[in-house]
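**Q** Each residue of the sequence shown is one higher than the last, beginning at 27 in this note's numbering.
The beta-carbon is built from N, C-alpha and C at its ideal position, and this holds for glycine as well.
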Amino acid sequence: MDRVRQRRSPQMIWRAALISLLLACSLQAGAVEIGGAHFDERALLGGSELQLNGAGLRTKFMLKVYAVGLYLPNKAATPAGVFASRGPRRIQIITLRELTAEQLSEALLDFMRRNQSDLELQKVQSRIDSLQQTMLGIGKVPAKTTIRLDYISGQGTRVLVGGEQKGNDIPGEDFNQALLKIWLGEHVPQISVREALLGQPQ
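Rendered as structure tokens:
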């Protein structure tokens with residue numbers, strides 16, 4: 027009996043090592059790395075499976091600020107295709123340096139306003155104010171913090187920081203599309219990020 031165990035022991039060790047290696051490879055194959063931040067290729071939201079449409083790196087003065095990924099039910103290659111998509115959506119931001127609430131709020135909301143006509147802005151302004159209040163209430167955001175902006179039809183846009191919801195859901199698909207235009211609109215903080223979110227090669 028002891029001899030059988032001795033003969034099997036190396037095989038079991040080798041098999042366990044092989045399984046661990048295959049598992050590690052499968053996890054790496056299922057994630058995209060951007061600037062040291064990892065994005066899963068698939069995510070669940072509201073009972074629906076989303077696909078990573080693309081992910082990009084936001085830099086400023088050659089410094090890494092954050093990585094951002096866009097999740098959709100079906101992939102889209104143009105801003106119009108993204109805006110026309112129905113169902114849940116997710117913008118996932120992973121900070122790559124410490125940011126204050128003011129820095130984060132100003133960086134996002136400034137471009138949100140730039141991409142709205144006067145009439146569009148009038149319709150969503152009160153909800154932009156709600157988002158700003160939520161963002162300012164977050165405080166300092168350490169590096170490697172995950173911020174999710176989740177949209178679920180019938181509920182609205184939800185802000186989660188480190189998996190914890192901040193503020194109330196903000197209603198309206200029009201508001202969520204205004205949010206998407208921060209990165210996909212005509213006026214964006216970085217063109218390469220828009221291209222990356224649309225799955226274009228960098």
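Put residue 142 into one of helix, strand or coil per three-state DSSP.
**A** It is coil, neither helix nor strand.
**Q** Which same chain residues, not among the five before or five after residue 66, have their C-beta less than 6 Å away from its C-beta?
**A** Closer than 6 Å at Cβ, skipping near neighbours: 57.
**Q** Helix, strand or coil for residue 125? Go by DSSP, reduced to three states.
**A** Strand, per DSSP.
**Q** To the nearest angstrom, how far is the alpha carbon of residue 130 from that of residue 112?
**A** So the two alpha carbons sit approximately 28 Å from each other.
**Q** Can you pull the DSSP bridge partners for residue 195?
**A** BP columns for residue 195 are empty, so no partner.
**Q** Classify residue 39 as helix, strand or coil using the three-state DSSP reduction.
**A** Because the pLDDT at residue 39 is just 48, under 50, the model does not fix this residue reliably, and the value given afterwards should be weighed accordingly. Note: residue 39 maps to helix in three-state DSSP.
**Q** Just tell me which of 107, 72 and 91 has its CA closest to the CA of residue 225.
**A** Minimum Cα distance to residue 225 is reached at 107.
**Q** Taking the beta carbon of residue 87 as the centre, do at least 16 other beta carbons fall within 10 Å, making it buried, or is it exposed?
**A** When all chains shown are included, residue 87 counts as exposed.
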